[in-house]
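Q:
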Amino acid sequence: MAKILCIDDELDVLETCTTILKTKGHTIKCAGSGSDGYLKAKEFSPDLIVLDVMMDDETDGFHAAYKIRQDEKLKHVPILMLSSINQASKFKFNKEKDGQFLPVDEFVEKPIIPQKLISEVDRLLHLSKDKINTEGVRNIY
Amino acid sequence: MRTLNVLLVDDEEGIRLGIKRVLQKFILEIPEFEEQISFEVEAVDSVSGFLSAIKDKKFDLYVLDYLLKDGNGVDLLKKINSPSPQVTIMISAHSTLSLTIEATKNGAFDFIIKPFGPSEIKAAVKRAVEYFLLLERNENFEREKKKIRFEFISVLAHELKSPINAIESYLNLMVESYLGDKLSEYANIISRSKSRIQDMRKLITDLLDLTRIEAGSRNRVIEEINLKEILSNCVESVNFQAQKRGIIIKSIVDGELLMFADKTDMEILLNNLLTNAVKYNVDNGSVDISIRRDISDSDSEKIFIECSDSGIGIAEEDQKKLFGEFSRVKNDKTRNIAGSGLGLSIVKKVLSYYDGEINLESKVNFGSKFSIVLNEIKGK
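If you read the protein sequences in the order shown, they are chains A and B.
Count along the first sequence starting at 1, add 46, and that's the number in my numbering.
Count along the second sequence starting at 1, add 92, and that's the number in my numbering.
#1: List the residues of chain B whose Cβ lies closer than 8 angstroms to the Cβ of A:ILE66, in chain order.
#2: With distance defined between alpha-carbon atoms, name the residue in B:PHE396, B:GLU453, B:ILE406 nearest to B:ILE464.
#3: Residues bridged to B:VAL379 by DSSP?
#4: Could you list which residues in chain A have their beta carbon closer than 7 angstroms to that of B:ILE260, in chain order?
#5: Answer with buried or exposed for B:GLU417, where buried requires no fewer than 16 other C-beta atoms within 10 angstroms of its C-beta.
#6: Do B:LEU265 and B:ILE281 count as a contact pair if the criterion is CB distance below 8 angstroms?
#7: Identify the continuous alpha helix (DSSP H) that holds B:PHE332 and give its terminal residues.
#8: Is it buried or exposed for A:THR65, if we count other Cβ within 10 angstroms and need 16 for buried?
#9: If contacts are defined as beta-carbon pairs under 8 angstroms, then A:ILE125 and A:ILE158 qualify, I think. What distance do you get, rounded to the angstrom?
#10: Which residues mark the beginning and the end of the beta strand (DSSP E) in which B:LEU265 is found?
#11: So B:LYS239 contacts chain A; which residues on that side make the cut at Cβ distance below 9 angstroms?
#12: B:ILE438 and B:LEU300: beta carbons closer than 8 angstroms?
#13: Can you tell me where the alpha helix (DSSP H) holding B:THR297 begins and where it ends?
#14: What in chain A is Cβ-close to B:ARG288, meaning under 8 angstroms?
#15: State the beta-bridge partners of B:ASN457 as determined by DSSP.
#16: Using the Cα positions of A:LEU57 and B:LYS336, report the straight-line distance between them to the nearest angstrom.
#17: May I ask you to report which of helix, strand or coil DSSP gives B:ASN97?
#18: Contact between the stretch 156 to 164 of chain B and the stretch 126 to 133 of chain B is defined here as three or more beta-carbon pairs at a separation below 8 angstroms; is this criterion met?
#19: Taking buried to mean at least 16 other C-beta atoms within 10 Å of its own C-beta, is B:LEU109 buried or exposed?
#20: Is B:VAL456 close to chain A, meaning its C-beta is less than 8 angstroms from at least one C-beta of that chain?
#21: Report the residues of the stretch 290 to 317 of chain B with a CB closer than 8 angstroms to any CB of chain A, ordered along the chain.
#22: Can you name the start and end residues of the beta strand (DSSP E) that B:VAL439 belongs to?
#23: If we call anything under 8 angstroms between Cβ atoms a contact, is B:ASP401 one with B:ALA369?
#24: Measuring alpha carbon to alpha carbon, tell me which residue in B:LEU225, B:MET182, B:ASN230, B:PHE242 is nearest B:ILE213.
#25: Output, in chain order, the set of chain B residues within a Cβ distance shorter than 7 angstroms of A:PRO92.
#26: Report the partner residues of B:LEU153 according to the DSSP bridge assignment.
#27: So, does the CB of A:ASP168 fall closer than 8 angstroms to a CB anywhere in chain B?
#28: Run through chain B and tell me which residues come within less than 9 angstroms of A:SER130, C-beta to C-beta.
#29: Under the criterion of a Cβ to heavy atom distance below 7 angstroms, does B:ASP167 qualify as lining the ligand NAD?
#30: Can B:LYS394 and B:ASN467 be called in contact, C-beta distance under 8 angstroms?
#31: If you measure from the beta carbon of B:ARG284 to each beta carbon in chain A, is any gap under 8 angstroms?
#32: Checking contacts by CB at 8 angstroms: is A:THR69 closer than that to chain B?
#33: Using only CA atoms, which one of B:GLU222, B:ASP298, B:GLU231, B:MET358 lies nearest to B:ILE322?
#34: Would a C-beta distance cut-off of 8 angstroms place A:ASP93 and A:MET100 closer than the cut-off?
#35: Tell me whether the beta-carbon of B:SER378 lies closer than 8 angstroms to the beta-carbon of B:ILE340.
#36: Would you mind telling me which residues of chain B sit closer than 7 angstroms to A:GLU61, beta carbon to beta carbon, in chain order?
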């Protein structure tokens, strides 16, 4: 059971994520833009953030990610990014290689496949918990 | 001041020195292009010299002699196949018609015949530079056009991809019965999917409209039409949507407003204004649309259309972007409103036929007023 914040300007993506993640007993909050998402993250202090690339604003998703990473309280929260980049460019995210300039932990492709979303969310939550257990602080970043 | 690079190939040293001296002192004013041009000349005496010169430098202007010790100027012409604009002048001592034809076929722009003086070189170079600038301007224009096309298509791809992704994500939920076994649990998902499909359909029709308008393929018929009648038809077609939300549409037209225009153009215009005014309105809101002729002058060809609503309004920073393609104001209030983002682009395209203009006054939470001025098409 975790607190998850979903940020997307598309109502349908929020709806889909909420439906899927609720079945796993997570508490979900939604935000409709990068800036709103950042504010909600500060008050909700989620365990994980599902963030859309938000192509309509071109960089809104990434801006939000950078802001979250620069925030003392939020910088260790894992970010799962939703995108459909792969459909166009066959881009495969590699945390080791691309994590340097893309401040997120994993990419999930749209259309959302429920099992894939759930397993990535679980993986990131565990990873982040392990870090807390072993290091006493969250320090996955 | 701009410098053009010239490559001169001639096996006579006197000619190389002469042309170099003339061009390096030459400053050419081309007022049509607002350019002042100077020249940087590199001179070589052979085909091999030419080949090594073009290996690592881009030249804008070539001056080539026909007879060289290790080849001829026409062969060189064939080797100049850079994609960027360049212009070639041929020098020849024994101009024959067949040589001229062969050189022209291979891209030579002009000829100077030996013996020649500084004024002949300058005149030929001036013609060549003017042509060069024209080629360049044309190329920039083409490049810009391609870029706009590309941007349009990538945004379009995104606009089509997101509803498909949304619907497929919903279907994935259904396939795995995430909301249980009862179909009624999926009512919201189904209705959202249907609304995204409607969005897509609207986008496709708008896109076709826009393409037809741009390509000029639609047969426009300019005839005397009755704007009052057209408006009342348009009001009728959006009234169903309006009444469902308690929105009242009032239209004011002075008498039978007759004008020379294409009927479909006017329908597209009025339909777009009205559907926007209803879509972006609040429940129980109002829409006022008026059409009138310039009253200061009874013979005036100007028609004014004003459409104001009591809707959600448009923030100042969004107003600037509004008339661009696929521009949609995205916020909590517009999230559930279907739209292609092409409506106002279409309006603008239609207005361009009538030397028209559209202006917007808007205040968030108070409403928007779109004012159109158009000029009747006379001479029919």
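Every residue gets a Cβ at the ideal spot worked out from N, C-alpha and C, and that includes glycine.
A: Taking the coordinates as given:
#1: Simply LEU265, TYR270.
#2: Among B:PHE396, B:GLU453, B:ILE406, the Cα nearest to that of B:ILE464 is on B:PHE396.
#3: BP columns for B:VAL379 point to B:ILE341, B:ASP401.
#4: Per the sequence presented here, residue 260 of chain B reads as Glu, with Ile not at that position. Going along chain A in sequence order, the residues near B:GLU260 (Cβ under 7 angstroms) are PRO157.
#5: Classification for B:GLU417: buried.
#6: Yes. Within cutoff.
#7: B:PHE332 -> alpha helix (DSSP H) spans 319 to 336.
#8: By the beta-carbon neighbour count (other beta carbons within 10 angstroms, threshold 16), A:THR65 is buried.
#9: Contact between A:ILE125 and A:ILE158 does not hold, since the beta-carbon distance rounds to 16 angstroms and is not under 8 angstroms.
#10: It is not in any beta strand (DSSP E) - B:LEU265 instead sits in the alpha helix (DSSP H) that spans 210 to 267.
#11: Correct list: empty, because the minimum Cβ distance to chain A is about 16 angstroms.
#12: Taking 8 angstroms as the Cβ cut-off, B:ILE438 and B:LEU300 do not qualify as a contacting pair.
#13: That run of the alpha helix (DSSP H) goes 279 to 307.
#14: Chain A residues near B:ARG288: ASP58.
#15: Looking at the DSSP assignment, B:ASN457 forms no beta bridge with any residue, so it has no partner.
#16: Those two C-alpha atoms are separated by around 23 angstroms.
#17: In the structure shown, B:ASN97 adopts extended strand secondary structure according to DSSP, grouped into three states.
#18: No, the stretch 156 to 164 of chain B does not touch the stretch 126 to 133 of chain B.
#19: An exposed status is given to B:LEU109, since fewer than 16 other beta-carbon atoms sit within 10 Å of its beta-carbon.
#20: By this cut-off, B:VAL456 is not an interface position.
#21: Result list empty, no residue passes.
#22: For B:VAL439, no beta strand (DSSP E) segment is defined; the enclosing uninterrupted segment is the alpha helix (DSSP H) at 435 to 444.
#23: Yes.
#24: Distance from the Cα of B:ILE213 is smallest, within the candidate group B:LEU225, B:MET182, B:ASN230, B:PHE242, for B:MET182.
#25: Against A:PRO92, chain B offers no close residue; the least beta-carbon distance is about 20 angstroms (beta-carbon pairs closer than 7 angstroms).
#26: According to DSSP, which records beta bridges pairwise, B:LEU153 is partnered with B:VAL98, B:VAL179.
#27: So no, A:ASP168 is outside the interface.
#28: Going along chain B in sequence order, the residues near A:SER130 (Cβ under 9 angstroms) are HIS250, LYS253, SER254, ASN257.
#29: Although the ligand NAD was asked about, the structure shown includes no ligands whatsoever.
#30: Note that the C-beta distance between B:LYS394 and B:ASN467 is below 8 angstroms.
#31: It does: the Cβ of B:ARG284 has a partner Cβ on chain A nearer than 8 angstroms.
#32: A:THR69 counts as touching chain B.
#33: Nearest option by C-alpha distance: B:MET358.
#34: For the pair A:ASP93 and A:MET100, the CB atoms are not nearer than the 8 angstroms cut-off.
#35: Yes, the Cβ-Cβ distance between B:SER378 and B:ILE340 is below 8 angstroms.
#36: The answer, in chain order, is ARG284.
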